[in-house]
């Protein structure tokens with residue numbers, strides 16, 4: 221009889237402990253939440269520029285792609301070689317992703333013609349399907365960099381500046397998602413930047429793919 225009573229008491233005590241533990245968890249334990257996504261820091265505005273192939277490239281050509289921008293000029297003797305070397309390494313890291321692009325914007329629109337950019341791109345082994353080099357007229361290029369990317373790009377007005385220092389520009393990288401939203405800024409000169417950048421690219425690739433925007437074509441003569 222005593223054994224039965226002890227077993228019942230033990231079972232009752234166990235139930236009390238389980239109930240108490242459940243109440244504690246419900247009251248004090250923090251619910252699991254997935255890590256927050258990358259913030260949206262701005263939107264790339266419309267642009268039409270020229271790729272090293274001589275073909276026009278617009279922001280709409282990059283919709284549906286995750287892409288990273290940097291800012292260089294081919295005669296640069298300072299940070300640009302380092303930026304381009306890092307992009308060359310990153311190009312290998314993203315080789316398995318057909319929907320990721322690297323885009324180098326020249327801040328020397330006059331000097332960096334498509335043939336000049338092609339020669340520079342070849343030097344760094346740039347795949348024309350993955351790593352784009354973009355130039356254009358001075359005003360549209362600088363306006364895009366300053367108003368969309370919120371970064372610095374301007375001539376160096378020091379008359380004594382050598383050709384390798386003729387332009388002043390940011391060394392930051394800009395991560396852009398499939399919708400053209402800016403999702404991150406990174407120091408392009410630091411080696412430790414790139415593992416974090418690659419991880420953030422992977423995060424954006426896992427986000428739901430937005431529907432492609434519809435195009436409205438105005439062509440009265442095309443219809444009866």
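In this note's numbering, the protein residues as written are 221 to 444. For each residue, glycine too, the CB sits at the ideal point set by N, CA and C. Bear in mind the structure is a predicted one, so any value in this text is a computation, not a measurement.
Between residue 269 and residue 359, the alpha-carbon positions lie close to 11 Å from each other. DSSP links residue 290 through a beta bridge to 324.
Taking all protein chains shown into account, residue 419 has fewer than 16 neighbouring C-beta atoms within 10 Å of its C-beta and is therefore exposed. If you draw a straight line from the Cα of residue 365 to the Cα of residue 261, it is about 14 Å long.
If you compare the alpha carbons of 320, 400 and 421 with that of residue 406, the shortest gap goes to 421. DSSP, reduced to helix, strand and coil, places residue 263 within a strand of the structure shown. Around the beta carbon of residue 384, fewer than 16 other beta carbons lie within 10 angstroms, which makes this residue exposed.
Per DSSP, residue 389 is one residue of the beta strand (DSSP E) stretching across 387-389. The distance from the Cβ of residue 403 to that of residue 425 is about 12 Å, inconsistent with a contact at the 8 Å cut-off.
Residue 378 sits in coil when the DSSP states are folded into three classes, being neither helix nor strand.
In the DSSP assignment, residue 372 falls outside any beta strand (DSSP E) and carries neither an H nor an E. Per DSSP, the continuous alpha helix (DSSP H) segment holding residue 417 begins and ends at 413-426. Rounded to the nearest whole angstrom, the C-alpha separation of residue 311 and residue 381 is 32 Å.
With respect to the 7 Å criterion, residue 400 and residue 264 are classified as neighbours on the basis of their beta carbons. With a cutoff of 7 Å on beta-carbon distance, residue 341 and residue 325 are scored as not near each other.
Residue 391 counts as buried, since no fewer than 16 other beta carbons sit within 10 angstroms of its beta carbon.
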